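Residue numbers (the working numbering), protein chains in the order written: chain H, 1 to 234; chain L, 1001 to 1116.
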């Protein structure tokens, strides 16, 4: 009889340890199971159980094995988070610019209310957006140039944790910019007549809400995954 | 061979094992064992984190295939960047080996002179 179960159990244990990154867990599990099956088949020992025990022993403990992926996996999670926030910054910038260009193109009338709201809202909006862009660029530049060390160490974990928190700050700043835009555009739309002209500001605003909300949710998921990954280090 | 000595050079050992063409994890371990005359008998679990790290760094590329047994198999191959890294490391290693040879050779000659 072919000794399959211990290999499957080992693969499951490795996948469980790497569950903070499901894609990585699936891939490593398939690779490890293929390796163990081939190694068992390759051993000259005619006694199946001895061969299996020998192969499992040569591979080591599933937790210790999974821990060796930690540095690469953390860097990969942080890079994904940084890429998503950078795209969110670009997306929001595009939506804001499109709306501003549209106002100019259709000669959108600016009332005193809108002017007063803009005087307070625009500096807040601009500050939040510039802050988000600066943080997002810094985190992305650092993470692209950083290489994963061969072995995880506390300082590296701290650096990655800092970058993920920086991305959370980007998402928060984007949420603030979006909230300000929501008020400023809301004031304009409230005063405007309901015709085809309002479609562009409305759609671009909804796009901003979706982008800011989506990036915030993604960052929260990534923060949770990183903290689960860091538990493997202890 | 000392495990710590191997660890420091594992990336280049893995890249060197892929010079002959694409291979999967187990095949790479066997190739390393064969080409080192059994001197590099790596703990089997160490190879996979290294392969993943090298792939992330752009030195390797990989894809899934189906083995004869019907199992899914991940096959790795070296990229141009990996070839350049290996070539640079080979040159560096050669300079280091020449320097060590010089040192050890000098010591051996001195020992021989003392005995005479």
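Ideal Cβ placement from N, Cα and C applies to all residues, glycine included.
Computed from a predicted model, the values in this text were never measured in an experiment.
Skipping 5 residues on each side, what residues in its chain have a beta carbon closer than 6 Å to that of residue 131 (chain H)? Position 131 of the first chain holds residue 131 (chain H). Cβ within range, chain order: 173.
If we count the other Cβ atoms within 10 Å of its Cβ and call it buried at 16 or more, is residue 1 (chain H) buried or exposed? Residue numbering aside, residue 1 (chain H) sits at position 1 when the first chain is read from its first letter. Note that residue 1 (chain H) scores a pLDDT of 48, beneath 50, so its modelled location is shaky and nothing firm can be said.
Straight-line Cα distance separating residue 161 (chain H) from residue 228 (chain H): Looking up residue 228 (chain H) in the first chain gives position 228. Looking up residue 161 (chain H) in the first chain gives position 161. If you take the alpha carbons of residue 228 (chain H) and residue 161 (chain H), they lie about 12 Å apart.
Out of H:188, H:54, H:38 and H:64, state which residue places its alpha-carbon closest to the alpha-carbon of residue 114 (chain H). One-based indexing of the first chain puts residue 114 (chain H) at position 114. Just measuring C-alpha positions, the residue of H:188, H:54, H:38 and H:64 sitting nearest residue 114 (chain H) is H:188.
Helix, strand or coil, according to DSSP, for residue 1099 (chain L) in the structure here? For the purposes of this step, residue 1099 (chain L) is taken as residue 99 along the second chain, with counting starting at 1. In the three-state DSSP reduction, residue 1099 (chain L) falls in the helix class (H, G or I).
Simplified DSSP assignment, three categories, for residue 1057 (chain L): Walking along the second chain from the start, residue 1057 (chain L) turns up at place 57. Coil at residue 1057 (chain L), not helix or strand.
Determine the contact status of residue 136 (chain H) and residue 170 (chain H), defining contact as a CB-CB distance below 8 Å. As a working note, residue 136 (chain H) is residue 136 in the first chain. As a working note, residue 170 (chain H) is residue 170 in the first chain. Yes, these two residues count as a Cβ contact at 8 Å.
Min CB distance residue 145 (chain H) to chain L below 8 Å: Taking the first chain and counting its residues from 1, one reaches residue 145 (chain H) at position 145. Chain L has no Cβ within less than 8 Å of the Cβ of residue 145 (chain H).
So if I threshold CB-CB distances at 7 Å, which residues from the segment 53-74 of chain H count as touching chain L? When C-beta distances to chain L are compared with 7 Å, the residues of the segment 53-74 of chain H below that value are 58, 59, 60, 65, 68, 69 and 72, in chain order.
Please confirm whether residue 164 (chain H) and residue 96 (chain H) have their CB atoms less than 8 Å apart. In the first chain, counting from the first residue as 1, residue 164 (chain H) sits at position 164. In the first chain, counting from the first residue as 1, residue 96 (chain H) sits at position 96. Taking 8 Å as the cut-off, the beta carbon of residue 164 (chain H) is found no closer than this to the beta carbon of residue 96 (chain H).
What are the start and end residues of each continuous alpha helix (DSSP H) run of 4 or more residues lying completely inside the segment 1022-1101 of chain L, in chain order? Correct list: 1025-1035 and 1047-1056.
Residues that residue 1035 (chain L) contacts on chain H, provided the C-beta gap is smaller than 7 Å: Against the second chain, residue 1035 (chain L) aligns to sequence position 35. Those do not exist, as residue 1035 (chain L) stays about 17 Å from chain H at its closest Cβ, beyond 7 Å.
Touch test, the segment 205-220 of chain H against the segment 1015-1029 of chain L, Cβ-Cβ under 8 Å, three pairs minimum: The segment 205-220 of chain H and the segment 1015-1029 of chain L do not touch, with fewer than 3 CB-CB distances between them shorter than 8 Å.
Spatially closest choice to residue 194 (chain H) from H:108, H:58 and H:39, by CA coordinates: As a position in the first chain, residue 194 (chain H) is number 194, starting the count at 1. Of the candidates H:108, H:58 and H:39, the one whose C-alpha sits nearest the C-alpha of residue 194 (chain H) is H:108.
Mind listing the chain L neighbours of residue 37 (chain H)? Cutoff is C-beta to C-beta under 8 Å, in chain order. The residue labelled residue 37 (chain H) in the question sits at position 37 within the first chain. Those within 8 Å of residue 37 (chain H) in chain L are 1069 and 1071.
Within 8 Å, do at least three Cβ pairs link the segment 142-152 of chain H to the segment 1031-1048 of chain L? By the criterion of at least three beta-carbon pairs nearer than 8 Å, the segment 1031-1048 of chain L is not in contact with the segment 142-152 of chain H.
Contact under 8 Å by Cβ, residue 1044 (chain L) with residue 73 (chain H): For the purposes of this step, residue 1044 (chain L) is taken as the residue at position 44 of the second chain. For the purposes of this step, residue 73 (chain H) is taken as the residue at position 73 of the first chain. Going by beta carbons, residue 1044 (chain L) and residue 73 (chain H) fall outside the 8 Å limit.
Is it buried or exposed for residue 1100 (chain L), if we count other Cβ within 10 angstroms and need 16 for buried? Taking the first residue of the second chain as position 1, residue 1100 (chain L) is located at position 100. That one is exposed.
What residues from the segment 1042-1063 of chain L come within 8 Å of chain H, judged by C-beta to C-beta, listed N to C? Those would be 1043, 1044, 1045, 1046, 1048, 1049, 1050, 1052, 1053, 1056 and 1057, in chain order.
List in chain order: all unbroken alpha helix (DSSP H) runs of 4+ residues lying wholly within the segment 86-174 of chain H. Within the segment 86-174 of chain H, the complete alpha helix (DSSP H) runs of at least 4 residues are 112-145.
Answer yes or no: do residue 152 (chain H) and residue 233 (chain H) have a C-beta to C-beta separation smaller than 8 Å? Position 152 of the first chain, counted from the start, is the residue given in the question as residue 152 (chain H). Position 233 of the first chain, counted from the start, is the residue given in the question as residue 233 (chain H). Judged by their CB atoms, residue 152 (chain H) and residue 233 (chain H) are nearer to each other than the 8 Å cut-off.
Quick one: is residue 224 (chain H) buried, meaning 16 or more other Cβ sit within 10 Å of its Cβ, or exposed? Residue mapping note: residue 224 (chain H) aligns to position 224 of the first chain, counting from 1. Residue environment analysis places residue 224 (chain H) among the exposed positions, since fewer than 16 neighbouring C-beta atoms fall within 10 angstroms of its C-beta.
What does the alpha-carbon distance come out to for the pair residue 198 (chain H) and residue 181 (chain H)? By one-based count along the first chain, residue 198 (chain H) stands at place 198. By one-based count along the first chain, residue 181 (chain H) stands at place 181. Distance between the alpha carbons of residue 198 (chain H) and residue 181 (chain H) is about 15 Å.
Would you call residue 204 (chain H) buried or exposed, if buried means 16 or more other Cβ atoms sit within 10 Å of its Cβ? Residue mapping note: residue 204 (chain H) aligns to position 204 of the first chain, counting from 1. Buried, since its Cβ has 16 or more Cβ neighbours within 10 Å.
Count the other CB atoms, across all protein chains shown, that sit within 10 Å of the CB of residue 76 (chain H); report buried if there are 16 or more and exposed otherwise. As a first step, residue 76 (chain H) must be located in the first chain, where it is residue number 76. It counts as buried.
Drop a sphere of 10 angstroms on the beta-carbon of residue 57 (chain H), count the other beta-carbons inside from all chains shown, and report buried for 16 or more, exposed for fewer. Residue mapping note: residue 57 (chain H) aligns to position 57 of the first chain, counting from 1. So residue 57 (chain H) ends up on the exposed side.
Taking the C-alpha atoms as reference points, what is the distance between residue 31 (chain H) and residue 1086 (chain L)? Taking the first chain and counting its residues from 1, the one referred to as residue 31 (chain H) is at position 31. Taking the second chain and counting its residues from 1, the one referred to as residue 1086 (chain L) is at position 86. The alpha-carbon atoms of residue 31 (chain H) and residue 1086 (chain L) are separated by roughly 25 Å.
How would you label residue 28 (chain H), buried or exposed, when you count the other beta carbons within 10 angstroms and need 16 or more for buried? Position 28 of the first chain, counted from the first residue, corresponds to residue 28 (chain H). Residue 28 (chain H) should be labelled buried.
Beta-carbon of residue 1026 (chain L) versus every beta-carbon of chain H: anything under 8 Å? As a first step, residue 1026 (chain L) is located in the second chain; it is residue number 26 there, counting from the start. At least one C-beta of chain H is nearer than 8 Å to the C-beta of residue 1026 (chain L).
Would you say residue 34 (chain H) and residue 1067 (chain L) are within 8 Å of each other, going by their C-beta atoms? The residue you call residue 34 (chain H) lines up with position 34 of the first chain. The residue you call residue 1067 (chain L) lines up with position 67 of the second chain. In contact: residue 34 (chain H) and residue 1067 (chain L) (Cβ atoms closer than 8 Å).
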